[in-house]
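Participant: This is the structure I have questions about; it appears just below.
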Amino acid sequence: MTTLNDRREFSRLAIPLEAELHLRQSDVITGEVCSISLSSCFVECVPAPNVENEGTLKLFFPGRQEEMQIEASVRVIRAEPTGAVIEFLHIALEGYHHLRYLLMSNAEDDGAMEDEVVSHAGIRRGMSTR
1 MTTLNDRREF
11 SRLAIPLEAE
21 LHLRQSDVIT
31 GEVCSISLSS
41 CFVECVPAPN
51 VENEGTLKLF
61 FPGRQEEMQI
71 EASVRVIRAE
81 PTGAVIEFLH
91 IALEGYHHLR
101 YLLMSNAEDD
111 GAMEDEVVSH
121 AGIRRGMSTR
């Protein structure tokens, strides 16, 4: 039987982070990330933003340390009653390194997560370096 994670390009982890969505067609939306991967995250927020809306997402590590945040260009790809799935379109190199570190340090199987992260050159499908 194929599970949802088997069909995904990247594994999702339950890592709570504060989030700020700065979207083109709405006010700033604040919420909390409840799952995240190398390519997207689910942000709990009510009301959920409109699908296809694009903008910037800021993710804050505990304590909101300015040097430990992830900022990404994003697009809303799915809206649900409790929040939205946010796809990463572009992440600056420093933020990408923070994201990789976050995922690898919170994975149950850090070896498998490291293989997953290393096997991709970025956040998009089809960018494998192998």
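For the sequence shown, position 39 (counting from the first letter as 1) is numbered 39 according to our numbering, and the numbering increases by one without interruption. Beta carbons: idealized from backbone N, C-alpha and C, even for Gly.
Do you know whose CA, among Gln25, Ser26, Pro47, Lys58, lies nearest Cys41's CA?
Facilitator: Here residue 41 is taken as the residue at index 41 of the sequence shown, counted from 1. Relative to the Cα of Cys41, the nearest Cα in the group Gln25, Ser26, Pro47, Lys58 belongs to Lys58.
Participant: If contacts are defined as beta-carbon pairs under 8 Å, then Arg64 and Glu9 qualify, I think. What distance do you get, rounded to the angstrom?
Facilitator: Translated into positions along the sequence shown, residue 64 becomes position 64. Translated into positions along the sequence shown, residue 9 becomes position 9. The Cβ separation is near 30 Å, so there is no contact.
Participant: If Glu54 sits next to Val74, beta carbons under 8 Å apart, how far is it from one beta carbon to the other, in whole angstroms?
Facilitator: As a first step, residue 54 must be located in the sequence shown, where it is residue number 54. As a first step, residue 74 must be located in the sequence shown, where it is residue number 74. Going by Cβ atoms, the distance from Glu54 to Val74 rounds to 7 Å, so yes, they are a contact pair.
Participant: Decide yes or no for the touch test of the region 78-90 against the region 41-52: beta carbon pairs closer than 8 Å, at least 3 of them.
Facilitator: Between the region 78-90 and the region 41-52 there are three or more inter-stretch CB-CB distances shorter than 8 Å, so the stretches are counted as touching.
Participant: Buried or exposed: where does Leu103 fall if 16 or more other Cβ atoms within 10 Å of its Cβ makes it buried?
Facilitator: Stepping through the sequence shown from its first residue, residue 103 is reached at position 103. When all chains shown are included, Leu103 counts as buried.
Participant: Quick check: what's the CA-CA separation for Val46 versus Pro81?
Facilitator: Counting from one through the sequence shown, the residue named residue 46 turns up at place 46. Counting from one through the sequence shown, the residue named residue 81 turns up at place 81. Straight-line Cα distance between these residues: approximately 7 Å.
Participant: Please classify Ser119 as buried or exposed, where buried requires at least 16 neighbouring CB atoms within 10 angstroms.
Facilitator: Here residue 119 is taken as the residue at index 119 of the sequence shown, counted from 1. The residue is exposed, with fewer than 16 neighbouring Cβ atoms inside 10 Å.
Participant: Relative to the alpha-carbon of Ala92, which residue among Asp109, Leu13, Ile70, Thr30 has its alpha-carbon at the smallest distance?
Facilitator: What you label residue 92 is simply residue 92 of the sequence shown in a count that begins at 1. Taking only the C-alpha atoms, the option nearest Ala92 is Ile70.
Participant: How many angstroms separate the CA atom of Pro49 from the CA atom of Ser37?
Facilitator: Along the sequence shown, one-based indexing puts residue 49 at 49. Along the sequence shown, one-based indexing puts residue 37 at 37. So the alpha carbons of these two residues sit roughly 20 Å apart.
Participant: Do His98 and Met68 have their C-beta atoms within less than 9 Å of each other?
Facilitator: For the purposes of this step, residue 98 is taken as the residue at position 98 of the sequence shown. For the purposes of this step, residue 68 is taken as the residue at position 68 of the sequence shown. Yes, they are a contact pair.
Participant: Please report the residue range of the beta strand (DSSP E) in which Ala112 lies.
Facilitator: Here residue 112 refers to the residue found at position 112 when the sequence shown is read from its first residue. First-last for Ala112: 110-118, but that is the alpha helix (DSSP H), not the beta strand (DSSP E).
Participant: Quick one: residues in its chain with C-beta nearer than 6 Å to the C-beta of Glu51, no 5 flanking neighbours on either side, listed in chain order?
Facilitator: One-based indexing of the sequence shown puts residue 51 at position 51. The amino acid occupying residue 51 in the given sequence is Val; Glu does not appear at that position. Around Val51: Val76, Ala79.
Participant: Along the chain, where does the beta strand (DSSP E) that runs through Ser137 open and close?
Facilitator: Residue 137 is absent from the structure shown; the chain starts at 1 and stops at 130.
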